[in-house]
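Since the structure comes first, as structure tokens, the remarks are kept for the end.
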Amino acid sequence: MKTFQKIAVPVTLGVLGLILYHSCSAGIPKGAKAVSNFDAKKYLGRWYEIARFDYRFERNMDNVTAEYSENPNGSIRVSNKGYNYVKKEWKEAIGEARFVKDKTEARLKVSFFKPVWAGYNVIDIDEDYQYALVAGSSLKYLWILSRTTTIPESIRQRFLEKAKKLGYKTDELIWVKHNQ
Numbered sequence: 001m002k003t004f005q006k007i008a009v010p011v012t013l014g015v016l017g018l019i020l021y022h023s024c025s026a027g028i029p030k031g032a033k034a035v036s037n038f039d040a041k042k043y044l045g046r047w048y049e050i051a052r053f054d055y056r057f058e059r060n061m062d063n064v065t066a067e068y069s070e071n072p073n074g075s076i077r078v079s080n081k082g083y084n085y086v087k088k089e090w091k092e093a094i095g096e097a098r099f100v101k102d103k104t105e106a107r108l109k110v111s112f113f114k115p116v117w118a119g120y121n122v123i124d125i126d127e128d129y130q131y132a133l134v135a136g137s138s139l140k141y142l143w144i145l146s147r148t149t150t151i152p153e154s155i156r157q158r159f160l161e162k163a164k165k166l167g168y169k170t171d172e173l174i175w176v177k178h179n180q
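Once you know that position 57 of the sequence shown is 57 in the UniProt record's numbering, the rest is easy, because the numbers rise by one and skip nothing.
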């Protein structure tokens with residue numbers, strides 16, 4: 001039994017270390033570039049989720065919003081809220097975002113479960129900060145956001161074309177309902 005314990009503990013810690021290393025990735029998909037000359041103050045406030053890929057944290061969610069505000073330490077408070085239409089209940093998650101490098105580059109890392117961090121990269125935004133295309137660390141995560149519950153067709157097409165060029169399967173996007 002002692003031999004097994006000696007092997008199991010280092011292997012378990014090694015696997016845990018690898019998981020944490022990869023989970024703490026604030027990466028950006030190959031070929032994607034975060035917006036430069038980013039104005040974080042203009043980005044703060046409420047955003048409505050227009051489209052996303054299906055993943056477990058937002059499964060069965062409509063009426064999804066994200067609220068960004070500045071924390072005293074300069075990081076960004078993230079409040080995501082949505083309505084689970086299967087369970088018929090509102091869910092909210094509070095997290096923190098930090099800039100990966102400079103505050104003028106829209107590359108951030110976000111955490112809802114520290115010490116696990118994930119990439120949050122604004123890869124396209126209109127000049128008035130009304131519509132944003134956000135990529136995660138990989139091609140599994142993509143969001144289209146708007147300051148209102150709708151988005152102009154021209155912006156929608158611009159974001160979809162950009163995402164397709166990067167390798168995203170945009171036909172798998174979920175178009176979020178806003179009816180509450």
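Here a beta-carbon is modelled for each residue, glycine too, at the ideal position from N, C-alpha and C.
Comparing C-alpha distances from P29 to each of S137, F112 and R107 shows the shortest one belongs to S137. Counting every other CB atom within 10 Å of its CB across the protein chains shown gives S69 a total below 16, marking it as exposed. Assignment of I151 by DSSP, reduced to helix, strand and coil, places it in the coil class. At the C-beta level, L133 and F99 stay beyond 8 Å of one another. Annotation: E105 to V78 spans about 18 Å, alpha carbon to alpha carbon. E70 sits in a strand when the DSSP states are folded into three classes. Closest by C-alpha distance to A66, out of Y55, K81 and R52, is K81. For Q130, the closest of A118, I155 and N63 by C-alpha to C-alpha distance is I155.
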